[in-house]
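Have a look at the structure below, then the notes.
Listed below in structure tokens is the structure:
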């Protein structure tokens, strides 16, 4: 049985690699970017980032119906499955927490619970893939590629409407995301909710000064200096342009770690670094 289990794991890894190579090659020739408003060249150049995910898939995958405790009315009759958690004390605000490209998973739920307790706030973690989760890397890539920002913006508008309708809700709002979710978070705040604070955990940054100038609330950024997707010159440009745009910001690039270095709350409980510093940031 042990040998069979090892064979199964190795086979899955090989399949992931093969599918990724095929996908990356096809992204160059199919011009997927024109269909989904996505820069395929940026993904082709970030194969190392994808390979990082191969060795660190989600620790556990759970059906959405078991994770979600909230159904939020969305655009065109869509229901947005979400996880909502709140502190027992005075509500100091709300965080919309966006998942990685695996979809809504237990790691995000754990982080939502911890943030709600630590900050004394409400956290809503919506499913932006509209019913899909995966641990199969090629499917995760495809979900990220085929989920347009406009659709995410519409869904998050619906989440904000839901938040505003809740008794005792605060006007303070932050949008926070990891990886895929970090990129969606900063694009939502620059495009639709400039009054909301932004937290980007190793997500694709916005570097256009005019777009950043729309932000009227602080921004927090967390990256690793060994992240293959975001080289140091890009992150330096991000920091410089935030300053030029007049955005209050705290962008930190942690030494010795790559992409997705904060995996779960157990790392915080053990006091691992730089995960704990990033959590406290």
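Residue numbers (the numbering used here): 108 to 388.
Yeah, the Cβ is synthetic: ideal placement off N, Cα and C, and Gly gets one too.
Keep in mind it's a predicted model, so treat the numbers as computed, not measured.
1. Is the segment 202 to 210 touching the segment 220 to 240, taking contact as three or more C-beta pairs under 8 Å?
2. Could you pull the DSSP bridge partners for residue 186 from this structure?
3. DSSP three-state label for residue 363, please.
4. Expressed to the nearest angstrom, what Euclidean distance is found between the alpha-carbon atoms of residue 349 and residue 178?
5. What's the call for residue 169, buried or exposed, on a 16-neighbour Cβ count within 10 Å?
6. In three-state DSSP terms, what is residue 328?
7. Note the first and the last residue of the continuous alpha helix (DSSP H) segment covering residue 233.
8. Just to confirm before moving on: does the CB-CB distance between residue 329 and residue 309 stay below 8 Å?
9. Throw me the rounded Cβ distance for the residue 266 and residue 231 pair, which I believe falls under 8 Å.
10. For the 8 Å Cβ check, are there 3 or more pairs between the segment 287 to 304 and the segment 335 to 345?
11. Roughly how many whole angstroms lie between the Cα atoms of residue 273 and residue 217?
12. Short of 6 Å in beta carbon distance, which residues of its chain neighbour residue 390, apart from the five on each side in sequence? Order them along the chain.
13. In the structure shown, what three-state DSSP assignment does residue 266 receive?
14. When you compare only the Cα positions, how much space is there between residue 279 and residue 194?
15. Just the C-alpha distance for residue 318 and residue 324, rounded to the nearest angstrom, thanks.
16. Can you tell me the Cβ-Cβ gap for residue 234 and residue 188, rounded? I've got them flagged as a contact below 8 Å.
17. At a threshold of 7 Å, does residue 236 count as lining the ligand ADP (C-beta to nearest heavy atom)?
18. Taking buried to mean at least 16 other C-beta atoms within 10 Å of its own C-beta, is residue 269 buried or exposed?
19. Which class does residue 135 belong to by DSSP, given the choice of helix, strand or coil?
20. Could you give the first and the last residue of the continuous alpha helix (DSSP H) run that contains residue 345?
21. What span of residues does the alpha helix (DSSP H) with residue 290 cover, start to end?
The answer reads as follows:
1. Yes, the segment 202 to 210 touches the segment 220 to 240.
2. 180
3. coil
4. 36 Å
5. exposed
6. Three-state DSSP puts residue 328 in a strand.
7. Per DSSP, residue 233 belongs to no alpha helix (DSSP H); it is in the beta strand (DSSP E), 229 to 233.
8. Yes, the Cβ-Cβ distance between residue 329 and residue 309 is below 8 Å.
9. 6 Å
10. No: the two stretches stay apart, fewer than three of their Cβ pairs being nearer than 8 Å.
11. 22 Å
12. The question about residue 390 has no answer, for the chain in this structure spans 108 to 388.
13. In this structure, DSSP gives residue 266 a helical state, which the three-state scheme calls helix.
14. The alpha-carbon atoms of residue 279 and residue 194 are separated by roughly 15 Å.
15. 13 Å
16. 5 Å
17. Absent from the structure shown: the ligand ADP. Ligands present: none.
18. buried
19. With a pLDDT of only 45 at residue 135, under the threshold of 50, the placement of this residue in the model should not be trusted; the figure read from the coordinates follows. Residue 135 falls in the helix class under three-state DSSP.
20. 339 to 351
21. 287 to 298
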